């Protein structure tokens, strides 16, 4: 079946109209060596064959495992109402739903999503969302470069390596200099950060809780950075904000994060949700769409995209970002999720995550040879040191029916025996006990 | 169209009032009128080095963002902070309360590249036809 809707004669007509002989001629300005030799696509298959093939790929997943893996993406419960509401065709099939004349519902949803992000972070202005936590961090870094006119950025190595890698990849052809500072006893190393802070520093990037699960208060780093004229960017885990000090309370200038934990299912590669929120004074450097509330000519409340002069369809090459899209459907899920929980529900959720993780710490620390790291307070994720290689422990635990955590040696040198364990509200007391018993038995094996 | 006699002009509709070693700069009445209601102005930072004919500010109206170019080279010694809260001053008073910045001129000979009031008047009349 041919999915290109134009017939040969229609194609000829179009080429004729623009005075070009062939489709190939349209690409002649691209050097031959830069053109793909072949797209290497397999031959077409029937619907039945394709579905069987995809099912066989799906069977490779071990979706039956009880999940104790975090590392930036968490197994939270998603209320059925999220799927039911976000799946409505008014939302589900709308594309670039920004025209105020016909998209009031969507614009209001985006506006309310932005309100949720501002409430959670305590900051003044959020955009309509970005692709994921990593792209949000990149956009925040470039905001800081534009706002300060400086090009050096200090990055705490407690920031998720996935985000750091994205940051370096995005900026690889831009003149931005990065300095990484170490994590000492689970915490951002103040001494090292301050050593590198100078009048060329655009921003200090930190994460809370950091990749090892440690909770921190960056107020001191913020004070010191502001003295040097640098901004502070914090990547935060939204669920933790139900109980932890907010970025605004620490004085952070730009907060970003991964919104997957708010009603978006875990999946390999997304789609996920990046959020970004800033102090009002920085809002003109925000990337992407922003929905705003206004009144129509009869004085009735309505919603429109606002501050559009930042964006590339108006500002062209001087735009704040090339981002001209957002993760509207994922942002909608996050909005529905947060609305279902409410402020009190969000607090309870955070508390459950914290309590269950503390319980797991207690149980795991009783296993001989297992050391739970306690140098810093944690939220719902913590580091344990095992008597064997953590990769090996993970493999053995799969046979017991557990995805038991993230082996830190994959991201950090010298931590081969360290395992990062996450415990969400979904894990029952019984599951945590079985998890500990299984771990004990595989360590003895 | 208001074209004061004591100023010099560029073809991009900026003006400069030379006061000793310094120049006050802004955009012309013709410019503000073409842009419509101005909602925000991104001004150069104090201490920034401006180069003649290069970007120095951006003016946002409701659906457009227009770059403003420096009429002369020099260092920014003062910016008009009032414009942050009241960008409409540029619409109301382009040559007085709507000034953008004061710069310390680094090359006085660049004055020769600017238009006199009479030249600018003729130039804008040509554009309006």
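Chains as they are written, first to last, in this note's numbering: chain A, 495 to 939; chain B, 456 to 584.
Beta carbons: idealized from backbone N, C-alpha and C, even for Gly.
The structure presented is a predicted model; accordingly, all values stated were derived computationally and were not measured.
- Listed in chain order, the non-local C-beta contacts of residue 882/A below 8 Å within the same chain comprise 911, 937, local neighbours out to five positions each way being set aside.
- With respect to the 8 Å criterion, residue 705/A and residue 652/A are classified as neighbours on the basis of their beta carbons.
- Non-local beta-carbon contacts of residue 903/A in its own chain, meaning distances under 8 Å to residues more than five positions away in sequence, involve 883, 884, 885, 909, 910, 911, 912 in chain order.
- Collapsing the DSSP output to three states places residue 615/A in a helix.
- For residue 545/B, the enclosing alpha helix (DSSP H) has its first and last residue at 544 to 547.
- Secondary structure of residue 676/A (DSSP, three-state): coil.
- Look at residue 809/A: its C-beta is under 8 Å from a C-beta on chain B.
- Counting only residues of its own chain and dropping the five nearest sequence neighbours on each side, residue 800/A has a CB closer than 6 Å to the CB of 784, 786.
- The three-state reading of DSSP puts residue 501/A in coil, since its state is none of H, G, I, E or B.
- For residue 890/A, no chain B residue has a C-beta closer than 9 Å to its own C-beta; the minimum C-beta separation is roughly 59 Å.
- Within chain B, the residues whose beta carbon sits less than 9 Å from that of residue 778/A are 495, 497, 515, listed in sequence order.
- Contacts between residue 812/A and chain B, judged by CB atoms closer than 9 Å, involve 510, 513, 520, 522 in chain order.
- The stretch 567 to 586 of chain A and the stretch 700 to 714 of chain A do not touch, with fewer than three beta-carbon pairs separated by less than 8 Å.
- A check of alpha carbon separations from residue 728/A across 519/A, 647/A, 559/A identifies 647/A as the nearest.
- Counting other Cβ atoms within 10 Å of its Cβ, residue 532/B stays below 16 and is therefore classed as exposed.
- Measuring C-alpha to C-alpha distances from residue 715/A to each of 733/A, 675/A, 752/A identifies 675/A as the nearest.
- Put simply, the backbone Cα of residue 803/A is about 51 Å away from that of residue 866/A.
- Within its own chain, the residues whose Cβ lies closer than 8 Å to the Cβ of residue 597/A, once the five positions on either side in sequence are excluded, are 588, 591, listed in chain order.
- In the DSSP assignment, residue 642/A falls within the unbroken alpha helix (DSSP H) covering 627 to 642.
- Setting aside the 5 residues that flank it on each side, residue 552/B is surrounded in the same chain by 544, each with a C-beta closer than 6 Å to its C-beta; the list follows chain order.
- Secondary structure of residue 756/A (DSSP, three-state): coil.
- Nearest neighbour of residue 874/A by Cα position, chosen from 505/A, 631/A, 919/A, 501/A, turns out to be 919/A.
- Secondary-structure assignment with DSSP links residue 768/A through a beta bridge to 624/A, 752/A.
- Shown here, residue 525/B sits in coil according to DSSP, grouped into three states, outside any helix or strand.
- In terms of Cβ geometry, residue 915/A and residue 876/A form a close pair [threshold 8 Å].
- Nearest C-alpha to residue 760/A among 570/A, 541/A, 711/A: 570/A.
- Among the residues facing chain B, residue 697/A is not included, as its CB has no counterpart in that chain under 8 Å away.
- The Cβ atoms of residue 737/A and residue 634/A lie no closer than 8 Å to each other.
- A distance below 7 Å between beta-carbons, with the five flanking residues on each side excluded, links residue 857/A to the following residues of its chain, in chain order: 926, 927, 930.
- Ranked by Cα distance from residue 698/A, the first of 722/A, 551/A, 758/A, 553/A is 722/A.
- Under the Cβ criterion of 8 Å, residue 803/A is counted among the residues facing chain B.
- Nearest neighbour of residue 672/A by Cα position, chosen from 543/A, 694/A, 770/A, turns out to be 694/A.
- For residue 516/B, the uninterrupted beta strand (DSSP E) segment begins and ends at 510 to 516.
- Residue 486/B and residue 829/A have their C-alpha atoms spaced approximately 43 Å apart.
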